[in-house]
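Numbering (the UniProt record's numbering), first residue to last: 1 to 295.
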């Protein structure tokens with residue numbers, strides 16, 4: 001895997017290797033050999049201390065409402081997400097150990113395949129993940145909106161798989177992470193923005209190219225739907241807020257229907273790869289990093 005390329009995604013739809021529709025309860029193009037999750041999977045290596053770290057309910061002052069992924073978009077709508085979001089590597093704490101607001105997953109968000117995104121084969125030879133898969137918006141997504149939860153196996157960070165490119169911290173201080181390498185949901189198909197061809201806006205050959213930037217980010221959340229309504233920390237994929245890691249035309253924010261959902265894996269991920277460029281431009285550098293972050 002080249003240093004400027006998104007992680008290769010597991011094979012899906014072609015050749016009988018993936019599902020053709022969501023009739024069976026899994027998304028179209030889901031890889032048949034990867035179990036699809038609607039709730040987290042828990043590693044048997046988790047101790048009572050690990051579980052306590054992600055199950056202590058935050059105070060009402062440390063939670064924040066988020067834009068529901070099924071809310072109709074209008075030009076007058078604005079995100080209620082606090083700009084003091086948790087990154088995946090922040091372990092639920094802010095600078096100097098001060099608590100930050102945890103976005104709260106809506107209780108009425110239904111589990112299962114998301115109507116907001118589609119797993120789509122990538123057929124552009126210029127794309128680093130050509131021949132693999134990416135996650136694309138199935139509708140217009142507004143700035144700050146929750147796209148979908150990031151599900152996987154919750155495990156001790158000290159027991160992380162060093163080869164996984166799908167590992168994110170839930171609580172660094174509590175040594176708890178979530179890995180979507182072997183199980184997960186659509187969120188595991190989110191690619192890094194580096195090397196992805198520029199966007200072409202406008203019709204015909206006279207369109208304007210727009211440099212690719214991250215348009216989404218990983219954020220630690222509080223999910224009140226879990227544990228019979230008692231709640232638990234989790235991970236979510238969110239549309240970047242306006243101006244956060246975005247420049248030029250991207251400052252308008254949001255992700256258009258049909259556009260690929262892209263994040264920045266962060267300096268730690270690429271720095272740990274042979275030939276990695278370590279470019280931290282845009283996105284949540286240092287927060288929400290993947291791969292060797294938990295190793």
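Think of the CB as a built atom: it goes at the ideal place given N, C-alpha and C, for glycine as much as any other residue. This one's a predicted model, so the numbers in the text were calculated from it and none came from an experiment.
| Which stretch, first to last residue, makes up the beta strand (DSSP E) that contains residue 155? | Along the chain shown, read from residue 1 onward, the residue named residue 155 stands at position 155. Its beta strand (DSSP E) spans residues 153 to 156.
| field | Euclidean distance between Cα positions of residue 25 and residue 112 | value | Taking the first residue of the chain shown as position 1, residue 25 is located at position 25. Taking the first residue of the chain shown as position 1, residue 112 is located at position 112. So the two alpha carbons sit approximately 7 Å from each other.
| request: Indicate the three-state DSSP secondary structure (helix, strand or coil) for residue 227 in the structure shown. | output: Indexing the chain shown from 1 puts residue 227 at position 227. Correct three-state label for residue 227: helix.
| field | Neighbour-count burial assignment, residue 213, 16 or more Cβ in a 10 Å radius | value | Residue numbering aside, residue 213 sits at position 213 when the chain shown is read from its first letter. The residue is buried, with at least 16 neighbouring Cβ atoms inside 10 Å.
| query | Quick one: any contact between the segment 141 to 157 and the segment 27 to 43, if contact means 3 or more CB pairs under 8 Å? | reply | yes
| field | Buried or exposed (CB count within 10 angstroms, at least 16 for buried), residue 316 | value | The question about residue 316 has no answer here: the residues shown for the chain are numbered 1 through 295.
| For residue 174, which residues of its own chain have a beta-carbon under 6 Å away from its beta-carbon, when the five flanking residues on both sides are left out? | Locating residue 174 in the chain shown gives position 174, where the first residue counts as 1. Closer than 6 Å at Cβ, skipping near neighbours: 53.
| request: State whether the segment 250 to 265 contacts the segment 188 to 195, with contact taken as three or more CB pairs (one from each stretch) at a distance under 8 Å. | output: yes
| task | Report yes if the C-beta distance between residue 145 and residue 238 is below 8 Å; otherwise report no. | result | Mapped onto the chain shown, residue 145 falls at position 145. Mapped onto the chain shown, residue 238 falls at position 238. For residue 145 and residue 238, yes; Cβs fall inside 8 Å.
| task | Give the C-beta separation of residue 187 and residue 149 to the nearest angstrom, bearing in mind that I take them to be a contact with Cβ-Cβ under 8 Å. | result | The sequence position of residue 187 within the chain shown is 187, counting from 1. The sequence position of residue 149 within the chain shown is 149, counting from 1. Right, their Cβ atoms sit about 7 Å apart.
| task | Out of 101, 222 and 138, state which residue places its alpha-carbon closest to the alpha-carbon of residue 119. | result | For the purposes of this step, residue 119 is taken as residue 119 along the chain shown, with counting starting at 1. Minimum Cα distance to residue 119 is reached at 138.
| query | What number of angstroms, rounded off, separates the C-alpha of residue 181 from the C-alpha of residue 209? | reply | Within the chain shown, numbered from 1, the residue matching residue 181 stands at position 181. Within the chain shown, numbered from 1, the residue matching residue 209 stands at position 209. Those two C-alpha atoms are separated by around 34 Å.
| message | So for residue 255, helix, strand or coil by DSSP? | response | Here residue 255 refers to the residue found at position 255 of the chain shown. Residue state, collapsed to three classes: strand.
| From what residue to what residue does the alpha helix (DSSP H) around residue 118 run? | The residue you call residue 118 lines up with position 118 of the chain shown. Where residue 118 is concerned, there is no enclosing alpha helix (DSSP H), although the beta strand (DSSP E) it sits in stretches over 117 to 121.
| said: Between residue 143 and residue 240, how many whole angstroms is the CB-CB distance? I'm expecting something under 8 Å. | reply: As a working mapping, residue 143 is identified with position 143 in the chain shown. As a working mapping, residue 240 is identified with position 240 in the chain shown. Residue 143 to residue 240, Cβ: 7 Å. Contact.
| said: Excluding the 5 residues flanking residue 159 on each side, which residues of the same chain have their C-beta closer than 8 Å to its C-beta? | reply: Walking along the chain shown from the start, residue 159 turns up at place 159. These residues qualify, in order along the chain: 43 and 45.
| By DSSP, does residue 186 sit in helix, in strand, or in coil? | As a working mapping, residue 186 is identified with position 186 in the chain shown. Residue 186: helix per DSSP, three-state reduction.
| query | Is the distance from the Cβ of residue 300 to the Cβ of residue 134 below 8 Å? | reply | The shown model of the chain, from 1 to 295, leaves out residue 300, and the question about it has no answer.
| Can you tell which of 222, 198 and 211 has the C-alpha that lies nearest to the C-alpha of residue 105? | Position 105 of the chain shown, counting from 1, holds the residue named residue 105. When only C-alpha atoms are compared, the closest one is 222.
| message | Please tell me whether residue 256 and residue 140 are closer than 8 Å, where the distance is taken between their beta carbons. | response | For this step, residue 256 is matched to residue 256 along the chain shown. For this step, residue 140 is matched to residue 140 along the chain shown. Contact: yes.
| query | Thinking C-beta only, is residue 109 closer than 8 Å to residue 227? | reply | Translated into positions along the chain shown, residue 227 becomes position 227. Translated into positions along the chain shown, residue 109 becomes position 109. For residue 227 and residue 109, no; Cβs fall outside 8 Å.
| query | What is the C-beta distance between residue 233 and residue 220, in whole angstroms, given that I count them as a contact (C-beta under 8 Å)? | reply | The sequence position of residue 233 within the chain shown is 233, counting from 1. The sequence position of residue 220 within the chain shown is 220, counting from 1. Contact holds; Cβ gap of about 6 Å.
| query | What are the partner residues of residue 222, as DSSP defines its beta bridges? | reply | Along the chain shown, one-based indexing puts residue 222 at 222. According to DSSP, residue 222 bridges with 104 and 233.
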